[in-house]
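Novice:
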Amino acid sequence: MNYSFLDGAAHVKKAEFTAEKSYLQRPKAIGITVRRLHFKPQSIRRHYFANSPIMSHLLTALSSTFPIGEQFFVHSVRNVRDQVKDETLQAQIAAFIGQEAMHSKAHTEFNAAWRTEQYNLDRFQAWLERKNHHVKKLHPKIQLAITCAFEHFTALLGGYLLKHPEILSTLDDEAAKLWIWHAIEEIEHRAVAFDVYQHIYGDDRVRRMIMRSVTTGFASLTFYSATRLFLQDRKKSLAKVGGNIFGLYLLMKMFVQLAPEYLSYFKKDFHPSSHDYSTIVEVWKTRLANEYQLESFQQELKPMLLN
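Residue 86 in the numbering used here is what sits at position 51 of the sequence shown, and the numbering runs on without skipping anything.
1) Would you please state the rounded distance, in angstroms, between the beta carbons of ILE89 and ASN325? I believe it to be under 8 Å.
2) Can you give, in chain order, each stretch of the beta strand (DSSP E) that sits fully within the segment 238-298 and has at least 3 residues?
3) Exposed or buried, which one is ALA294 when buried takes at least 16 other CB atoms within 10 Å?
4) Using the Cα positions of TYR58 and ALA129, report the straight-line distance between them to the nearest angstrom.
5) Under DSSP, the alpha helix (DSSP H) around ILE202 begins and ends at which residues?
6) What are the boundary residues of the alpha helix (DSSP H) that ASP157 is part of?
7) Report the CB separation of ALA228 from THR257 in whole angstroms; it is logged as a contact under 8 Å.
8) In the DSSP assignment, the alpha helix (DSSP H) including THR123 goes from what residue to what residue?
9) Where SER272 and ARG225 are concerned, what is the direct C-alpha to C-alpha distance, given to the nearest angstrom?
10) Out of curiosity, what's the CA-to-CA distance linking LEU329 and ASP207?
11) Identify whether LEU94 lies in helix, strand or coil by the three-state DSSP scheme.
12) If I measure Cβ to Cβ from GLY194 and keep anything under 8 Å in the same chain, skipping five residues before and after, which residues do I get?
13) What is the DSSP secondary structure of LEU173, counted as helix, strand or coil?
14) With respect to the alpha helix (DSSP H) encompassing SER34, which residues constitute its N-terminal and C-terminal limits?
15) DSSP has LEU206 in a bridge; who is on the other side?
16) Looking at THR95: is its Cβ nearer than 7 Å to the Cβ of LEU264?
17) Could you give the distance in angstroms between the alpha-carbon of VAL249 and the alpha-carbon of THR143?
18) What would DSSP say about GLY66, mapped onto helix, strand or coil?
19) Thinking C-alpha only, which one of ARG113, HIS110, GLN134, PHE108 is nearest SER331?
20) Hey, how far is the Cα of THR251 from the Cα of PHE305?
21) Using 7 Å as the threshold, is the C-beta distance between VAL112 and PRO175 below it?
22) For a test of the three-state rule: what should DSSP assign to THR232, helix, strand or coil?
23) Throw me the rounded Cβ distance for the SER139 and GLU105 pair, which I believe falls under 8 Å.
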């Protein structure tokens with residue numbers, strides 16, 4: 036199966052329309068807001084993260100997995116949605132689908148901009164699509180457990196970024212808009228897939244087992260993709276010794292600091308909401324509205340300013 040960015044854009048557009056229609060027709064989920072992101076990916080420099088090729092390629096490797104990955108997460112929840120009778124959870128599912136559709140759209144645009152820089156993302160995207168096809172043949176319970184695992188990763192990574200403004204300050208402004216917006220929304224819906232899984236299956240043994248497999252696969256996939264990007268860019272990447280050393284330092288520091296939060300997933304009483312990000316999320320929502328002039332956040336905060 037040949038996969039291109041045009042195919043990805045078509046899938047995202049259809050998913051976006053369906054998600055927004057579903058979201059508008061249901062009661063609104065408290066604390067989970069579907070927002071459109073308007074940014075200019077073409078203006079983002081190649082080494083947009085602290086002028087570090089290592090960190091820039093690592094984030095771009097993550098971005099290259101998101102359009103297909105987000106579509107799979109939505110698919111895994113939709114698989115079992117008809118078994119959810121709780122209206123509050125149904126509203127959260129609708130908002131989750133809406134947010135993930137927007138993420139797919141934004142990262143498709145970001146990836147397309149990188150494709151113009153002569154990075155060979157198409158081959159990697161085609162490989163991901165083949166893997167996605169096989170994973171969708173697994174039992175719905177396993178698919179949903181996979182989504183729960185990935186949602187834990189995206190929430191803890193998003194929370195880490197928001198808690199470290201010194202890291203975000205090294206990003207190009209347009210890149211910062213993308214990653215901060217995405218981080219906020221991953222935190223907002225971090226418990227949805229988990230709550231659906233617990234509501235229908237409640238099998239913590241399988242959930243933890245799948246996390247072990249996902250951890251190995253996710254780490255391998257991300258570093259493989261990042262290495263490919265680094266090597267394709269090796270003439271410019273290798274020359275930036277200082278940026279690469281700084282990138283490795285940030286990476287090692289992040290792994291050490293995130294370990295306790297990652298391991299919390301295996302605790303008997305784990306729930307995604309046990310990690311409280313509410314204060315830092317509000318700080319960044321305000322900054323996106325005021326400093327980065329993102330209209331969706333300005334509209335969201337306007338009622339608060341009027342009171």
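Idealized CB from N, CA, C, for every residue including glycine.
Quantities reported herein were computed from a predicted structural model and do not represent experimental measurements.
Specialist: Inspection of the coordinates gives the following:
1) Not confirmed; about 31 Å, so no contact.
2) none
3) exposed
4) For TYR58, the pLDDT reaches just 46, beneath the cut-off of 50, and the residue's location in the model is therefore unreliable, although a value from the coordinates is still provided. Roughly 5 Å separates the two Cα atoms.
5) 200-203
6) 156-170
7) No, ALA228 and THR257 are not in contact; Cβ-Cβ is about 20 Å, not under 8 Å.
8) 122-150
9) 34 Å
10) 15 Å
11) helix
12) ALA218, ILE222, GLU296, HIS310, TYR312, ILE315
13) coil
14) Outside the shown range of the chain, which is 36 to 342, sits residue 34, and nothing can be said about it.
15) BP columns for LEU206 point to PHE84.
16) yes
17) For VAL249 and THR143, the distance between alpha carbons rounds to 23 Å.
18) coil
19) Of the candidates ARG113, HIS110, GLN134, PHE108, the one whose C-alpha sits nearest the C-alpha of SER331 is GLN134.
20) 21 Å
21) no
22) Reading off the sequence, residue 232 comes out as Tyr, not Thr. Note: TYR232 maps to helix in three-state DSSP.
23) 4 Å
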